[in-house]
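Residue numbers (the working numbering): 4 to 295.
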């Protein structure tokens, strides 16, 4: 009996030591798991904070760039006014320095864009087909629907025209993807022009004027800068050669190609007026693409 008790005692001590060792091992494993989890959380927070800091820095830089852009636009408008060039027929580029940063300004006659309030049905159909990617029949139907909407009468008897290009999204059949393709090419502020000045038109709109003929676009662009471009490949019914006192100005730092750094403003020149600026801004925004 004494020997059995002694063996039992030894067994109990061994088992006790084993359980204590197991508990310590489990505790160690738990500590390691908690430490690893905390390390993952800390790392994740670090990445999140760094990402937010980069985002804030980008927004801050973009805001500063757009502020410089607005200032550069004002200088360009003053320069145009001082030289009595308040009506442009061709795009003009200007560069200004602000604390060592060069800011480019592109001034375009606004009739270089297609005015959805005034463009005829054939030009609208060409826009929807060759810039929007619609089939000919769908493009024609959409153009007719647009004409119907803008020709409706308000209760006051006025024509219910589009107030902003975003109103195009109200047209049945225009989703955001189609709108995004058309937005850089259209305006509602061109004034009396129902046609497009090709010398001030972006490349995608030139394809519309050429009704999809890319060779005609290339031939025109080869001579655009010289002012003697070949327009024979364009539909003459879509074209105007007149200038405009309504301008779209783009500005961005010369070394930036980011849309966040770009600002665009539509401006109308009124000529000299005592006690007031000779121009008025219709709208300013940050476009989704850099200046072309």
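Virtual Cβ for every residue (Gly too), placed ideally from N, Cα, C. Only a predicted model underlies this, so the values are computations on that prediction, with no experimental measurement involved.
For the alpha helix (DSSP H) containing residue i, name the first residue and the last one.
i, result
"residue 222", "217-225"
"residue 154", "139-154"
"residue 124", "124-129"
"residue 207", "206-212"
"residue 184", "179-185"
Keeping to the same chain, check which residues put their C-beta closer than 7 Å to that of residue i; ignore five residues upstream and five downstream.
i, result
"residue 215", "133"
"residue 143", "128"
"residue 10", "With a pLDDT of 47 at residue 10, under the threshold of 50, the modelled position of this residue cannot be trusted; read the value that follows with caution. Answer for residue 10: no residue qualifies."
"residue 131", "137, 142, 145 and 146"
"residue 167", "191"
"residue 273", "281, 282 and 283"
Quick check: the Cα distance between residue i and residue j, rounded to an integer number of angstroms?
i, j, result
"residue 223", "residue 158", "45 Å"
"residue 99", "residue 107", "7 Å"
"residue 43", "residue 75", "47 Å"
"residue 148", "residue 174", "8 Å"
"residue 140", "residue 280", "47 Å"
"residue 247", "residue 156", "28 Å"
"residue 254", "residue 187", "15 Å"
"residue 242", "residue 151", "23 Å"
"residue 48", "residue 177", "42 Å"
"residue 295", "residue 227", "Low confidence applies here, because residue 295 scores a pLDDT of 49, under 50, leaving its location unreliable; read the following figure in that light. In a straight line, the C-alpha of residue 295 is about 14 Å away from that of residue 227."
"residue 180", "residue 136", "11 Å"
"residue 195", "residue 46", "60 Å"
"residue 73", "residue 219", "36 Å"
"residue 113", "residue 93", "10 Å"
"residue 333", "residue 172", "This structure does not reach residue 333, given that the chain is present from 4 up to 295, and the question cannot be answered."
"residue 210", "residue 236", "10 Å"
"residue 203", "residue 193", "12 Å"
"residue 183", "residue 268", "18 Å"
"residue 17", "residue 30", "Bear in mind that the predicted position of residue 17 carries a pLDDT of just 45, short of 50, making it too unreliable to give a figure here."
"residue 32", "residue 38", "10 Å"
"residue 205", "residue 119", "16 Å"
"residue 189", "residue 126", "12 Å"
Pop quiz: residue i and residue j are said to be a contact at Cβ under 8 Å. What is the actual Cβ separation, rounded to whole angstroms?
i, j, result
"residue 165", "residue 124", "Residue 165 to residue 124, Cβ: 15 Å. No contact."
"residue 104", "residue 256", "6 Å"
"residue 197", "residue 122", "6 Å"
"residue 283", "residue 265", "Residue 283 to residue 265, Cβ: 21 Å. No contact."
"residue 115", "residue 200", "5 Å"
"residue 110", "residue 250", "5 Å"
"residue 252", "residue 79", "7 Å"
Which partner residues does residue i have in the DSSP bridge list?
i, result
"residue 272", "282"
"residue 101", "104"
"residue 112", "250"
"residue 288", "267"
"residue 45", "The partner list for residue 45 (beta bridge, DSSP) is empty, contrary to what the question assumes."
"residue 199", "242"
"residue 189", "117"
"residue 162", "156"
Got a sec, what are the start and stop residues for the beta strand (DSSP E) residue i sits in?
i, result
"residue 251", "249-256"
Here's a check: name, in chain order, each residue in its chain whose Cβ is nearer than 8 Å to the Cβ of residue i, leaving out the five neighbours to either side.
i, result
"residue 77", "none"
"residue 225", "232 and 233"
Flag residue i as yes when its Cβ comes closer than 7 Å to any non-hydrogen atom of the ligand ZN, and as no otherwise.
i, result
"residue 102", "As far as ligands go, the structure on display features none, and thus does not contain the ligand ZN."
Return the chain-ordered list of same chain residues with a C-beta closer than 6 Å to the C-beta of residue i, the five sequence neighbours on each side being excluded.
i, result
"residue 240", "none"
"residue 213", "219, 220, 236 and 237"
"residue 69", "266"
"residue 286", "269"
"residue 381", "An answer regarding residue 381 cannot be provided, because it is not within the stretch 4 to 295 covered by the chain."
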